[in-house]
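Here's the structure we're looking at; comments come further down.
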Amino acid sequence: MTTTAITPRTISPSLLTGGLLAGPVFVLTGLLQGLTRPGFDFTRHPASVLANGSLGFVQITNFVVTGLLTIAAAAGIRRVLPGRWGPRLLAVYGVSLICAGIFRADPQDGFPLGTPAGPPSSVSWHGTLHFVCGGIGFAALVAACFAIASHLTPARAWYSRITGVLFLAGFAGVASGSTSPAVTLGFWAAVVLAWTWLATTSVHLMRRTVA
Numbered sequence: 005m006t007t008t009a010i011t012p013r014t015i016s017p018s019l020l021t022g023g024l025l026a027g028p029v030f031v032l033t034g035l036l037q038g039l040t041r042p043g044f045d046f047t048r049h050p051a052s053v054l055a056n057g058s059l060g061f062v063q064i065t066n067f068v069v070t071g072l073l074t075i076a077a078a079a080g081i082r083r084v085l086p087g088r089w090g091p092r093l094l095a096v097y098g099v100s101l102i103c104a105g106i107f108r109a110d111p112q113d114g115f116p117l118g119t120p121a122g123p124p125s126s127v128s129w130h131g132t133l134h135f136v137c138g139g140i141g142f143a144a145l146v147a148a149c150f151a152i153a154s155h156l157t158p159a160r161a162w163y164s165r166i167t168g169v170l171f172l173a174g175f176a177g178v179a180s181g182s183t184s185p186a187v188t189l190g191f192w193a194a195v196v197l198a199w200t201w202l203a204t205t206s207v208h209l210m211r212r213t214v215a
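Under my numbering, the first residue of the sequence shown is numbered 5, with each subsequent residue one higher.
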């Protein structure tokens, strides 16, 4: 019996598809929920609180699926680029997304409906773990942007670094505890920017593998 060898050239494109799909899946699922679930306000609430309520399983699934897709993308990038730290850090971000789905954020500021206004009066153990996992994952994503940049063309390297800086600024804003609509919307924009970076980088590397 003969077997067909699987080379980086044949396996990387399928893995990198995870990086192309992760962002649209996460953003569109979050957007649809935010527009249809009563009480949710994009100027006050992060996507994490969507994991609460009777339809919370949708956001939990969103976290887990996008986490798996991100890990697949990290494996694909590892097979294309020579550096190891970038893919490893991106995989850490993928794991953090899965953990964010397992450990729910606490209800806050009127969502789900019936929740008191403002931040939660006390933070649950799963809310604490959600914040810790998110902090680790976001830091890993920023570092991955810089690590992967060192193996890209100059223009794409700058795009990668700028994405890392802007995402760090967005995360720092919400981590400060500010409830300003500008800060909350800024973080939403930073999330979209980061997913766009992963998608475009994955497409670029997919083209490289078939060139």
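We put the beta carbon where it would ideally sit given N, CA and C, even for glycine.
Comparing C-alpha positions only, which one of the options sits nearest to residue i?
i    : options                : result
G38  : V195, A198, F115, V146 : F115
S180 : P123, L54, T205, W199  : P123
I102 : R211, S125, C137, A147 : C137
G139 : A79, S52, P111         : S52
V195 : G174, V187, T205, I106 : G174
A159 : T204, W129, S126, L117 : T204
F61  : A161, F107, S128       : F107
G98  : A78, Q112, R83, D113   : A78
V178 : A148, S125, P50        : P50
T183 : S18, R211, L25, D45    : D45
Buried or exposed: where does residue i fall if 16 or more other Cβ atoms within 10 Å of its Cβ makes it buried?
i    : result
P185 : exposed
L202 : buried
W192 : buried
M5   : The pLDDT assigned to M5 is 41, lower than 50, so where the model puts this residue is not dependable; a value taken from the coordinates is nonetheless given after this. Its Cβ having fewer than 16 others within 10 Å, M5 is exposed.
L36  : exposed
T47  : exposed
L93  : buried
P12  : Confidence is the limiting factor: at P12 the pLDDT is only 47, short of 50, which leaves the residue's position unreliable and the question unanswerable from this model.
G190 : buried
S164 : buried
L117 : exposed
P120 : exposed
R82  : buried
For my contact list, residue i and residue j are in at a C-beta cut-off of 8 Å; report their separation, rounded to the angstrom.
i    : j    : result
T70  : V29  : 5 Å
G22  : A76  : 3 Å
V96  : A144 : 4 Å
L20  : S206 : 4 Å
V146 : G168 : 5 Å
L197 : F171 : 6 Å
What do you reckon, are the CB atoms on residue i and residue j nearer than 7 Å?
i    : j    : result
S100 : G57  : no
T40  : N66  : no
A176 : H134 : no
D110 : G131 : yes
W199 : G27  : yes
Quiz item: For the 8 Å Cβ check, are there 3 or more pairs between the stretch 86-97 and the stretch 144-159?
Solution: yes
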